[in-house]
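Here is the structure we will look at, set down as structure tokens.
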Amino acid sequence: MTSPENAIIWAIAIPLLGSLVILATSRIPNLRETVTLITAVFMFLVVGTLIHIILDGQRPSVTLTEIFPGLNITFTVEPLGLLFGLIASGLWIVNSIYSIGYMRGNKEKNQTRFYFFFAIALASAVGVAFAGNMLTLFICYEILTLCTFPLVAHSGKPEAMKSGRTYLGILLSTSIGLQLLAIIWTWHATGTLDFKAGGVLDGKMTGAAVSLLLFLYMYGIGKAALMPIHRWLPAAMVAPTPVSALLHAVAVVKAGVFTVVKVIVYIFGYEFLANSLATNWLVYVAGFTIIAASVVALRQDNLKRRLAYSTISQLSYVIMAAAILAPLSVMGAILHIAAHAVGKITLFFAAGSIYTAAHITEVSQLNGIGRKMPWTMGSFTVAAFSMIGVPPTAGFMSKWYILMGAIQAEHLFAIGVIVLSTLLNAGYFMPIVYKAFFKEADDNPGHGKNPGHGTKHGEAPLPIVIALTATAAGTVLLFFFSGLPLELAHLVVRR
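The numbers in my numbering rise by one with no breaks, and the one at position 308 of the sequence shown is 645.
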């Protein structure tokens with residue numbers, strides 16, 4: 338059996354090595370995609386070997402190099418990072434299965450490039466998950482931004498290139514202009530960038546400086562999509578659906594909210610923040626983002642854009658929950674990272690399935706489609722229930738902990754946001770379900786403002802259906818078999 342330290346190295350090295358083999362097998366599509374699947378499975382298995390080690394209280398660490406005394410490139414696995422690593426590596430498997438059906442079904446060009454950068458992105462995401470200090474996290478965070486740009490601009494069309502520039506511009510400007518400044522300030526104030534239970538700032542910083550540093554971190558973590566730096570996310574919807582799933586569920590936005598929680602718990606320390614009252618403003622900004630993005634989602638006819646604004650809203654659940662600073666709400670924030678990942682990837686898989694089979698993209702065109710694509714729309718419905726917070730789905734579990742944390746902290750604003758946003762979630766998801774299953778199809782494609790989807794299609798290719806059905810099942814299974822994520826979340830808040 339490999340040592341925990343070697344497992345950390347292999348978890349990052351496997352997708353990097355896989356990416357090279359993907360390039361080498363570019364002329365043999367079946368072999369290239371087999372390599373992708375094998376790489377994803379092995380990566381997940383290696384990450385999985387760390388579960389019992391972390392639950393037993395060990396925190397394996399490996400240092401690659403020392404930049405100068407006290408500042409290293411270090412990877413350390415702790416409960417929060419392990420959960421993110423399991424989410425990213427596990428969902429890569431189903432996303433790879435889905436990608437095979439989607440990329441072939443839509444005859445997408447540059448498929449080798451797609452699989453190559455996807456593998457690099459997953460290596461970066463696990464680097465973020467296992468980062469042992471803010472410097473290591475920042476480097477992996479930036480690599481993740483750069484290697485996903487070719488995926489966002491995959492088609493090479495002017496609209497895709499413009500959206501790619503927006504994506505790159507916002508994420509790089511926030512991370513370099515704000516997050517890097519916050520990291521330098523942290524180093525100057527404390528002499529360390531290591532993640533430490535209880536934080537590193539207690540006794541090193543007081544007063545308004547704490548709030549200002551928190552502001553630099555929260556808006557420097559652009560991938561968390563707090564308003565008004567959220568525009569990159571809907572702009573990136575020009576990418577193929579598997580990329581949208583990567584952005585919204587597997588890696589990019591999860592790296593954002595993961596970093597938010599990591600900074601609050603391990604740089605500031607949520608008890609230190611509670612005593613300093615530095616997060617009051619963050620609860621209100623996150624609450625505003627939740628409600629505003631939900632209202633915008635209500636008005637979107639394009640299905641992927643509606644899902645994009647839903648993502649912006651759901652991400653701020655994590656931020657608001659972490660900012661409430663109650664142990665239960667912090668646990669809810671951690672659980673919502675997992676619940677949102679499984680639910681949102683299902684929703685994007687369903688959107689791509691609809692596009693592949695019926696070539697439609699608008700909500701107004703979905704009348705009756707559930708009768709022709711029952712597996713797709715059934716899975717969509719399950720995932721929508723999870724996003725709303727209906728039991729028995731993972732979203733109910735995470736929202737319950739967030740709500741209990743808000744009640745524990747007696748934070749009436751947060752309680753009101755959770756109640757109102759849940760109603761808004763239902764408002765933009767349930768009409769889709771109603772249209773799909775309870776309205777008659779408009780079978781006149783190509784005519785009128787909102788053409789129908791015709792009668793000559795059924796489900797999308799089998800790999801797509803298998804993947805979206807598996808992740809929909811995962812949203813329910815995560816509710817009934819929640820022991821591991823709950824234990825990991827509990828370890829994070831337990832000192």
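Cβ coordinates follow ideal geometry from the N, Cα and C atoms, glycine included. Keep in mind it's a predicted model, so treat the numbers as computed, not measured.
Residue closest to residue i, alpha-carbon to alpha-carbon, out of the options
| i | options | result |
| --- | --- | --- |
| Ala345 | Tyr452, Leu419 and Ala377 | The question names Ala, but residue 345 is Ile in the sequence shown. Of the candidates Tyr452, Leu419 and Ala377, the one whose C-alpha sits nearest the C-alpha of Ile345 is Leu419. |
| His673 | Ala623, Leu652, Phe381 and Ser433 | Leu652 |
| Val489 | Arg643, Met668, Ala720 and Leu584 | Leu584 |
| Ile566 | Thr503, Ile601 and Ile628 | Thr503 |
| Ile359 | Leu481, Asp779 and Phe455 | Phe455 |
| His525 | Ala586, Leu408 and Ile480 | Leu408 |
| Gly355 | Gly464, Tyr452, Asn367 and Asp638 | Tyr452 |
| Ala457 | Thr808, Thr373 and Leu749 | Residue identity check: residue 457 is Ile in the sequence provided, not Ala. Taking only the C-alpha atoms, the option nearest Ile457 is Thr373. |
| Thr806 | Pro711, Met741 and Leu828 | Pro711 |
| Tyr556 | Ile507, Gly726 and Ser461 | Ile507 |
| Glu608 | Leu517, Arg441, Ala561 and Ala660 | Ala660 |
| Leu665 | Val727, His677 and Ala746 | Ala746 |
| Ala776 | Leu703, Arg831, Phe733 and Gly764 | Residue identity differs from the one stated: residue 776 is Lys in this sequence, not Ala. Nearest option by C-alpha distance: Leu703. |
Beta-carbon gap between residue i and residue j smaller than 8 angstroms
| i | j | result |
| --- | --- | --- |
| Leu640 | Thr713 | no |
| Thr578 | Ser723 | no |
| Phe816 | Thr759 | no |
| Val547 | Ala615 | yes |
| Ile430 | Phe381 | yes |
| Ala721 | Leu684 | yes |
| Leu551 | Ile656 | no |
| Leu740 | Ile725 | no |
| Phe750 | Tyr621 | yes |
Through-space distance from residue j to residue i, alpha-carbon basis
| i | j | result |
| --- | --- | --- |
| Asn787 | Val700 | Low confidence applies here, because Asn787 scores a pLDDT of 47, under 50, leaving its location unreliable; read the following figure in that light. Each residue's alpha carbon lies about 9 angstroms from the other. |
| Pro571 | Ala634 | 11 angstroms |
| Ala826 | His389 | 15 angstroms |
| His784 | Lys591 | Low confidence applies here, because His784 scores a pLDDT of 40, under 50, leaving its location unreliable; read the following figure in that light. So the two alpha carbons sit approximately 40 angstroms from each other. |
| Glu370 | Pro352 | 13 angstroms |
| Val378 | Ile391 | 21 angstroms |
| Val399 | Gly540 | 29 angstroms |
| Phe818 | Ala810 | 12 angstroms |
| Pro782 | Lys709 | Low per-residue confidence applies at Pro782: pLDDT is 48, beneath 50, and the placement is therefore not dependable, though the value from the model is reported in the following sentence. Using only the alpha carbons, I get a separation of about 15 angstroms. |
| Ser613 | Ala586 | 33 angstroms |
| Ala466 | Ile671 | 13 angstroms |
| Ser492 | Val580 | 12 angstroms |
| Leu505 | Trp569 | 8 angstroms |
| Lys833 | Leu417 | There is no way to answer for residue 833, as the model of the chain reaches only from 338 to 832. |
| Thr596 | Ala545 | 22 angstroms |
| Pro437 | Gly427 | Note that residue 437 is Ile in the sequence shown here, rather than Pro. Cα to Cα, the separation comes out at about 17 angstroms. |
| Gly536 | Lys599 | 10 angstroms |
| Ala576 | Ala497 | 7 angstroms |
| Gly559 | Ile476 | 15 angstroms |
| Ile706 | Asn343 | 49 angstroms |
Nearest-angstrom Cβ-Cβ length linking residue i and residue j, presumed shorter than 8 angstroms
| i | j | result |
| --- | --- | --- |
| Gly624 | Val756 | So it is not a contact: roughly 11 angstroms between Cβ atoms. |
| Arg642 | Met574 | 6 angstroms |
| Lys533 | Tyr603 | 6 angstroms |
| Pro800 | Ala675 | Pro800 to Ala675, Cβ: 24 angstroms. No contact. |
Below-8 angstroms beta-carbon distance, residue i vs any chain D residue
| i | result |
| --- | --- |
| Ser690 | Reference to chain D is not applicable here, since this structure consists of a single protein chain. |
Can you give, in chain order, each stretch of the alpha helix (DSSP H) that sits fully within the region 719-779 and has at least 4 residues? Taken in chain order, the complete alpha helix (DSSP H) segments of 4 or more residues contained in the region 719-779 are 731-745 and 749-775.
So within the region 370-448, which uninterrupted beta strand (DSSP E) runs reach at least 3 residues, ignoring any that extend past its ends? Fully enclosed beta strand (DSSP E) runs of 3 or longer: 398-405 and 408-413.
Runs of alpha helix (DSSP H) wholly within the region 524-561 (minimum 4 residues, chain order): When DSSP assignments are scanned along the region 524-561, the uninterrupted stretches of alpha helix (DSSP H) that are 4 or more residues long and fall wholly within it turn out to be 545-557.
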